[in-house]
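> Chains as they are written, first to last, in numbering that gives the first Met the number 0: chain B, 0 to 341; chain G, 0 to 341.
Here you go, one structure.
Protein chains: 2
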Amino acid sequence: MSQSLDIAVIGATGTVGETLVQILEEREFPVGNLHLLASGESAGASVPFKGRNLRVRDVADFDFSQVHLAFFAAGEAVTRSFAMRATAAGCSLIDLSGALDPADAPSLVPEANPASLDALTAPYRLTSPSASAVALACVLAPLGDLLKPQRLSVMASLAVSSRGREAVTELARQTAELLNARPLEPRFFDRQIAFNVLAQAGAPDADGHISLERRLAGEIKQLLGLPELRVSATCALAPVFFGDSLAVSVVAEQPVDLERVRERLAKAPGVEFVEEEGDYPTAVGDAVGQDSVYVGRVRGGLDDPSELNLWIASDNARKGAALNAVQSAELLIKHYLSKILT
Amino acid sequence: MSQSLDIAVIGATGTVGETLVQILEEREFPVGNLHLLASGESAGASVPFKGRNLRVRDVADFDFSQVHLAFFAAGEAVTRSFAMRATAAGCSLIDLSGALDPADAPSLVPEANPASLDALTAPYRLTSPSASAVALACVLAPLGDLLKPQRLSVMASLAVSSRGREAVTELARQTAELLNARPLEPRFFDRQIAFNVLAQAGAPDADGHISLERRLAGEIKQLLGLPELRVSATCALAPVFFGDSLAVSVVAEQPVDLERVRERLAKAPGVEFVEEEGDYPTAVGDAVGQDSVYVGRVRGGLDDPSELNLWIASDNARKGAALNAVQSAELLIKHYLSKILT
Ligand SMILES: NC(=O)c1ccc[n+]([C@@H]2O[C@H](COP(=O)([O-])OP(=O)(O)OC[C@H]3O[C@@H](n4cnc5c(N)ncnc54)[C@H](OP(=O)(O)O)[C@@H]3O)[C@@H](O)[C@H]2O)c1
Ligand SMILES: NC(=O)c1ccc[n+]([C@@H]2O[C@H](COP(=O)([O-])OP(=O)(O)OC[C@H]3O[C@@H](n4cnc5c(N)ncnc54)[C@H](OP(=O)(O)O)[C@@H]3O)[C@@H](O)[C@H]2O)c1
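Encoded structure:
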């Protein structure tokens, strides 16, 4: 591609934003000017890109008409404050926070629902879904017509980095304190996360669901084109730095043909299928730092021939967020480059 | 109770066996002579009981006619080798390994299915179910008639201690190595468990299920008296020393009345219901060292009014194993003391 795009990354000092900048470089994304943005607190910090150190500036002062495309990776509140400003300036955007109305900024996982791009109009707005929804979509989209899923039950053991960089520091600090037999003083979390599992990755609403669980359920239905799917989701936090683990159970319309499931998974784009007997993928041992979503433990039901059980491991910050956003941008450019450049 | 029983604990040097000996003391179980048994390797070691240090002896040399009741907590192979010998000597037994035929040694959780004792004949044989089945039974038995469960989906994040004392040492060692930036050399597990989640707590069979998953499914159906229940189970290992966490989803026959579920759980014996808004129980923060099974995150389905979701935390070695076995013994004595003593 000879033409290049001017890009903004909002949240460039965060877990996802830093990875995003790395991936733009790794994949030789056609970046013209790159604007790194964060809050006033980080303004002046710098982030490496292609051998140079780029200064981070305050998003509040940013003129979005300077860029063609903005990645929003600074949380829901920041998207709510600045997405309209970007759109008004004619800037396309990919949001990673889930703050935008799905009708207005549909979820995209290039391996799962590329056709959803066709209905967009400029300036383009897309959502890169929650990390669990990205991983699930990569694995389940190729199985959709085979399974005709009726129910989906997901138990996600999320890495602490899914709560941002402060959560990573907190797990390291708590672990060191416990191993050194010092008294534990929780800070970022309200209780012990080291050598423990927390039942909910965020605060619950009045019905007891956390926003990530609702987000995951809504997104996976959209990504798979299955509005009637009955989803049950629990997003817990494990004492893991990076890499999500998902135990997944699908109830299909009919008895599941496991051989065909295995064939499909072995060929699925963006998916690494661990099929050796007795082996299985893990978040840290396999997925972290990789572009693929890993799947294993493919097995039927104990009592129900229409059930399929799976284990998924994926890098939450990479394929779950930054990489999927960049791949979405690549697809967007392929479709609409001329319109984005005007 | 003025009469006392002579007791053997097989596996007395292990995670469960040591806890069992402690609990016999704590609960003032009517112990006459206490025989602590293990393999030849530990013979000569000692374990404290009521202020004395009792010697551990080799089970291979033990004469079971010396005791009224034996607790088997040394793994399936040991139960298979010695349970018949115990029965032939007229000794009643409670097995914790799951090696015995359920028809011959039914699963008992006193809070869930005490009536199952009525059908036994001397010498008595009982199974104390897997830790996850004990926890699930305590929580679901009081809800049975309310829910009429059709499907049960369980994702268990088990503590490494569920794999025995060597697994505990291994998690500590790996964690220390990683925090000290030393190269990781897995020993007990075949890969990194520190800051990681392993997809299966044991080796899978030809269908991909591990024995703990099959055990859990079979036991929970028996404990709840629901042979038709469709169970899906994943037993993963979290980097947690003690305390299991279970994400549970039940599909009921009809829309779930959450208020009545909460009322029942608040009154359920052996269950601690964490109902404060936003709060939830954890394995380490709540359950470990406690006699109760903790439950929280009681919520309906996202898409299905007939669904109930729960989070359970329980001490795998205590209520999940040793305590349940001792409580089962207490109930057995209450029913059949005179027959056990003859
Ligand atoms: N982490 C994941 O695995 C993951 C996966 C999928 C989606 N996401 C989503 O991605 C977003 C970022 O998550 P993260 O994990 O990268 O969080 P993070 O590590 O905590 O980083 C947050 C970033 O947002 C910036 N920020 C915070 N408040 C701001 C403000 N008022 N104005 C401008 N910038 C602000 C921070 O900049 P300062 O340095 O100035 O504080 C930082 O760059 C969230 O919406 C999250 O839900 C995360
Ligand atoms: N850990 C849990 O949370 C849990 C929960 C429910 C049920 N269970 C079941 O309880 C049993 C014990 O588990 P654990 O976690 O306590 O294991 P553990 O910590 O590894 O201890 C194993 C015990 O068994 C003894 N043993 C091993 N091989 C033996 C042999 N050939 N002859 C005699 N004794 C032998 C060991 O004695 P030495 O010192 O001589 O090796 C030790 O006392 C298992 O069947 C397990 O499935 C465990």
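C-beta atoms are modelled at their ideal positions from N, C-alpha and C, and glycine is treated no differently.
Return the chain-ordered ranges of every alpha helix (DSSP H) run that is complete within the segment 189–217 of chain B and spans a minimum of 4 residues.
Counting only runs of 4 or more, we get nothing.
> Please list the terminal residues of the continuous alpha helix (DSSP H) segment that includes R164 (chain G).
Per DSSP, R164 (chain G) belongs to the alpha helix (DSSP H) from 164–178.
> Report back the beta-carbon spacing between S127 (chain G) and D243 (chain G) to the nearest angstrom; my notes put them in contact at under 8 Å.
In fact, because the Cβ distance is near 15 Å, the residues do not count as touching under 8 Å.
> If you measure from the beta carbon of N298 (chain B) to each beta carbon in chain G, is any gap under 8 Å?
Checking the displayed sequence, the identity of residue 298 (chain B) turns out to be Arg instead of Asn. Cβ-Cβ to chain G under 8 Å: yes for R298 (chain B).
> Can you give the Cα-Cα distance for L139 (chain B) and L68 (chain G), rounded to whole angstroms?
Taking the straight line from one Cα to the other gives about 52 Å.
> I'd like the span of the alpha helix (DSSP H) that includes D144 (chain G), first residue to last.
Run containing D144 (chain G): 143–146, per the alpha helix (DSSP H) assignment.
> If you reduce the DSSP assignment to three classes, tell me which class S3 (chain B) lands in.
In the structure shown, S3 (chain B) sits in coil (DSSP, three-state: anything other than H, G, I, E or B).
> Once the 5 residues before and after A198 (chain G) are set aside, which same chain residues still bring their CB inside 6 Å of it?
Hits under 6 Å: A235.
> Mind checking whether the beta-carbon of A69 (chain G) lies closer than 7 Å to any heavy atom of ligand 2?
No; taking the cut-off as 7 Å, the Cβ of A69 (chain G) has no heavy atom of ligand 2 nearer than that.
> Between R56 (chain G) and H34 (chain G), which are expected to be in contact by the criterion C-beta below 8 Å, what is the C-beta distance as a whole number of angstroms?
Yes, R56 (chain G) and H34 (chain G) are in contact; Cβ-Cβ is about 7 Å, under 8 Å.
> So F194 (chain G) contacts chain B; which residues on that side make the cut at Cβ distance below 7 Å?
Within 7 Å Cβ-Cβ: P238, V239, F240, V283.
> Less than 7 Å between the CB of S129 (chain B) and some heavy atom of ligand 2, yes or no?
S129 (chain B) Cβ: outside cutoff for every heavy atom of ligand 2.
> Looking at the strands, I want to know which residues DSSP matches up with P47 (chain B).
Bridge partners of P47 (chain B): B:N52.
> What does the alpha-carbon distance come out to for the pair K338 (chain G) and L119 (chain G)?
Going by the C-alpha atoms only, they are around 11 Å apart.
> By the three-class DSSP mapping on this structure, what secondary structure does P29 (chain B) have?
Coil.
> Would you check whether ligand 1 has a heavy atom nearer than 7 Å to the C-beta of I9 (chain B)?
Answer for I9 (chain B): yes, Cβ within range of ligand 1.
> Cβ closer than 8 Å: which chain B residues qualify as neighbours of A202 (chain G)?
Under the 8 Å cutoff, chain B gives G277.
> What does the alpha-carbon distance come out to for the pair L257 (chain B) and R214 (chain G)?
Answer to the nearest angstrom: the Cα atoms are 23 Å apart.
> Distance cutoff 8 Å, beta carbons only. Does M154 (chain B) sit that close to anything in chain G?
Chain G contact via Cβ: present.
> When DSSP labels each residue in this structure, what does D278 (chain G) get in the three-state scheme?
In this structure, D278 (chain G) counts as coil in the three-state DSSP scheme.
> Can you give me, in chain order, the residues of the segment 308–326 of chain G that have a beta carbon less than 7 Å from any beta carbon in chain B?
Against chain B - using a Cβ distance shorter than 7 Å - the residues of the segment 308–326 of chain G are N308, W310.
> Quick check on the burial criterion: 16 or more other C-beta atoms within 10 angstroms. Buried or exposed for M83 (chain B)?
That one is exposed.
> Given that T233 (chain B) touches chain G, what residues does it touch there, using C-beta distances under 8 Å?
What T233 (chain B) touches in chain G: M154, A246, S248, R296, N308, W310.
> Give me, in chain order, the residues of the same chain whose beta-carbon lies closer than 6 Å to that of T281 (chain B); leave out the 5 immediate sequence neighbours on both sides.
Contacts found: A312.
> According to the Cβ coordinates, are E160 (chain G) and F272 (chain G) closer than 8 Å?
Before going on, a small fix: residue 160 (chain G) reads as Ser here, not Glu. No, the Cβ-Cβ distance between S160 (chain G) and F272 (chain G) is not below 8 Å.
> Please decide whether Q173 (chain B) counts as near chain G, where near means a Cβ-Cβ distance under 8 Å.
No, Q173 (chain B) does not count as interfacial toward chain G.
> Can a CB atom of chain G be found closer than 8 Å to the CB of R229 (chain B)?
Closer than 8 Å: yes.
> Could you have a look at F272 (chain B) and say whether DSSP puts it in helix, strand or coil?
Of the three classes helix, strand and coil, the one that applies to F272 (chain B) here is strand, per DSSP.
> Examine chain G for any beta-carbon lying closer than 8 Å to the beta-carbon of D206 (chain B), and answer yes or no.
It does; some Cβ of chain G falls within 8 Å.
> Short of 7 Å in beta carbon distance, which residues of its chain neighbour V287 (chain G), apart from the five on each side in sequence? Order them along the chain.
These residues qualify, in order along the chain: F241, G242, D314.
> Taking A216 (chain G) as the query, report the chain C residues whose CB atoms sit under 8 Å from its CB, ordered along the chain.
Structure shown: chain C not included; protein chains present are B and G.
> Could you check if S161 (chain B) belongs to the surroundings of ligand 1, using beta carbon to heavy atom distance under 7 Å?
Yes - ligand 1 has a heavy atom lying nearer than 7 Å to the Cβ of S161 (chain B).
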